[in-house]
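Note sheet for the following structure.
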Amino acid sequence: MGKARASKLIRDIVEHALVIDQGKAEKVDLLKNCIKWATSNKREFLRRSLQARLVRLHNDIGEFMNAQTLGQELSKELKKLEDRELLIEVSVEESKSAFNLNNFQKAKTTLLTAKTSTNSAFASPQLQASVDLQSGVLYSSEDRDYKTSFSYFYEAFEGFSSIGDKKNATVALKYMILCKIMLNEVDQLPAIMATKAVVPHLTDLKIVAILSMADAFRKRSLKDFIKAMDEHKSELVEDKVVAVHSQNLERNMLEKEISRVIEPYSEIELSYVARVIGMTVPPVEKTIARMVLDKKLFGSIDQHGDTVVIYPEGGSTKHFTRSLTTVKELTETVDVLYTRAKQIK
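Read in the numbering used here, the sequence shown has 158 at position 172, and its numbers run on one by one without any break.
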């Protein structure tokens, strides 16, 4: 058997072994032993491809520092050898580990290396889809550019689907739905979910979890949102990409819940709003104050009566104009009094 064929056979055997449900340590040891064998037998290409697989495994099991250390060493070697295809794979994994370590600048830099390599060398559909997926992650998490992120996730979904990689296609679809939630475009989801390519993924727990979040967001129900997060912790809370947005999502949900409660009223007690939502008064009052400042709510908080006053359309402008007039008149009065006080002296 030739060296090339033997190397491919070993990689295939290792890949199948890693799919088997076994401990994390056993999987790492398996790869390390194979790397040691390849090194001792001077199978350099096999050794590098196995090391690249070990970088991905470290990321998969949450050992991000190990992924960074090995990835950096391997990247330097691959750049010297101009092995661009393997460099793309390792650079994407480096970007993933940097993202999970909150090193967003490093995540961007290493992803740029991967993108540059895809422009100057052939990249398999699997690699291109991986680059697109990681691009979507960074655009959504760092830049909050959810429209661009959705485009990248869609490209990744199509790429993974075209080669039958259902696992990664499901991840891309999950993040597509997340972008629609963040864009407040959940009304578009039924049409997306009805497409032929998406239907096979609907029973996956990842999609069930993110759709339950989307449904809570659509209903503007903070209670259902919190319930979804509690019931699907592994898919929502423990997913770094979703977790990056969880605070914003919860804040948006709280704002929507407050808006739903106060919509029918021109004035409403803070304690009533808090009671209906199921929270204490201080966080509700703080959120309403922020909504007023951000012009998401036209109204004010009456500190004496502990109520929220909601202005009719255009009412806030009139109120603001009157306030400016009052301040101007008071300023003029103070100036006159100051001038008279000086004359008395």
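Glycine is no exception: its CB is placed at the ideal position from the N, C-alpha and C atoms. All of these numbers come straight from a predicted model, not from anything done at the bench.
With 16 other CB atoms within 10 Å as the buried threshold, where does residue i fall?
i           : result
residue 148 : exposed
residue 189 : exposed
residue 118 : buried
residue 238 : buried
residue 319 : exposed
residue 135 : buried
residue 231 : buried
residue 182 : exposed
residue 45  : buried
residue 51  : exposed
residue 2   : exposed
residue 233 : exposed
Please list the terminal residues of the continuous beta strand (DSSP E) segment that includes residue i.
i           : result
residue 172 : Note, residue 172: premise wrong, no beta strand (DSSP E); not H, not E.
What is the residue span of the alpha helix (DSSP H) that residue i lies within?
i           : result
residue 294 : That residue, residue 294, is in no alpha helix (DSSP H); its beta strand (DSSP E) goes 293 to 296.
residue 89  : Neither: residue 89 is in no alpha helix (DSSP H) and is coded neither H nor E.
residue 122 : 111 to 127
residue 197 : 191 to 205
Check whether the Cβ of residue i lies closer than 7 Å to any heavy atom of the ligand PLP, and answer yes or no.
i           : result
residue 239 : In the structure on display, the ligand PLP does not appear, and there are no ligands present to speak of.
Quick one: is residue i near chain C, going by C-beta distance under 8 Å?
i           : result
residue 240 : Going by chain labels, chain C is absent from the structure shown, which holds only one protein chain.
(request) Give, in chain order, every unbroken run of the alpha helix (DSSP H) that is at least 4 residues long and sits entirely within the stretch 217 to 290. (result) 226 to 248, 256 to 263 and 267 to 279
(request) Go through the stretch 17 to 79 residue by residue and report every complete run of the alpha helix (DSSP H) that reaches 4 residues or more, in order. (result) 30 to 46 and 50 to 67
(message) Is it the case that the stretch 265 to 280 contacts the stretch 184 to 198, given that we only count it when at least three CB pairs across the two stretches are under 8 Å?
(response) no
(message) I'd like the ranges of any beta strand (DSSP E) spanning at least 3 consecutive residues and lying wholly in the stretch 142 to 170.
(response) none
(request) Would you be able to state if there are at least three C-beta pairs under 8 Å between the stretch 157 to 174 and the stretch 135 to 147? (result) yes
(message) Under 8 Å, with one C-beta from each stretch per pair, do the stretch 148 to 157 and the stretch 104 to 121 reach the 3-pair mark?
(response) yes
(request) Say whether the stretch 171 to 189 touches the stretch 240 to 255, bearing in mind that this needs 3 or more beta-carbon pairs closer than 8 Å, one atom from each stretch. (result) no
(request) Decide if the stretch 4 to 14 is in contact with the stretch 36 to 45; the criterion is three or more beta carbon pairs, one per stretch, under 8 Å apart. (result) yes
(message) Closer than 8 Å is the cut-off here; do at least three beta carbon pairs connect the stretch 24 to 39 with the stretch 59 to 74?
(response) yes
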